[in-house]
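Okay, so here's the structure we're looking at.
In my numbering, the protein residues as written are 206 to 445.
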């Protein structure tokens, strides 16, 4: 069987052997991040739809997982924001009911972690939300979000998810020199980290060419300085 919506398994630096699930099939996202290795967003939206057929996704998962492959995680990631798929919760529940041995991870830009959607995350074992800025200006410069998305609400909702959901949380901060590493922004990051209380803070930087060619990768020494500043449970995941 040829697969359209699942890929891998791939060896991930953070997740180990991971089977990826793409619920969008195209570059659809609520952000248009300058560093995205998938390039610029084709459809900037917060509208939840059945971008790819729910039944086709679950059929592919059923076919692949029936043989009982060894996996560390089934990860929802793909080309854009996974939570834009309106049946995300159903697909996650299908895996929990039919293949409970596999852990589920969500890689998300955090924009759709809202009170309405949060119940759909109850079957996840790991949530990896992104937080690339805390000030509004820096947020707009890096993530170039849909006009309805506000950074203050994102931080509040990530903290609420950490408090109310059973899943572990690894908060990813993507750092770009000269953009979100100035002292004022770092102070705001530190305050946000203390509010969210994630299990881990993971610092990342440019590994492959992003959507914009003017970006630079942050040095490992600078990442270490920022890790020390932010406090405990901070690790560097950027590849060097």
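Using N, Cα and C, we set each Cβ at its ideal position, and we do this for glycine too.
Residue i in three-state terms, based on DSSP
i	result
residue 373	strand
residue 208	coil
residue 385	coil
residue 305	coil
residue 313	strand
residue 215	strand
residue 339	coil
residue 333	strand
residue 299	helix
residue 356	helix
residue 367	helix
residue 327	coil
residue 285	coil
residue 294	helix
residue 420	coil
residue 378	strand
residue 220	coil
Delimiting residues of the alpha helix (DSSP H) encompassing residue i
i	result
residue 397	388 to 401
residue 232	Segment: none, residue 232 is in no alpha helix (DSSP H) and carries neither H nor E.
residue 275	Looking at the DSSP string, residue 275 is not in any alpha helix (DSSP H), and its letter there is neither H nor E.
residue 425	425 to 435
Assigned exposure category for residue i - 16 Cβ within 10 Å defines buried
i	result
residue 434	exposed
residue 353	exposed
residue 387	exposed
residue 306	exposed
residue 419	exposed
residue 342	exposed
residue 377	buried
residue 399	exposed
residue 258	exposed
residue 414	exposed
residue 260	exposed
The beta strand (DSSP E) enclosing residue i, as first and last residue numbers
i	result
residue 439	439 to 441
residue 406	405 to 409
Below-9 Å beta-carbon distance, residue i vs any chain C residue
i	result
residue 425	This model lacks chain C altogether, as it is built from one protein chain only.
Distance between beta carbons of residue j and residue i, contact taken as under 8 Å
i	j	result
residue 288	residue 256	11 Å between Cβ atoms; not a contact.
residue 294	residue 229	At roughly 16 Å, the Cβ-Cβ gap does not stay under 8 Å, so residue 294 and residue 229 are not in contact.
residue 339	residue 356	6 Å
residue 210	residue 381	31 Å between Cβ atoms; not a contact.
Any non-hydrogen atom of the ligand ZN within 8 Å of residue i CB
i	result
residue 230	As far as ligands go, the structure on display features none, and thus does not contain the ligand ZN.
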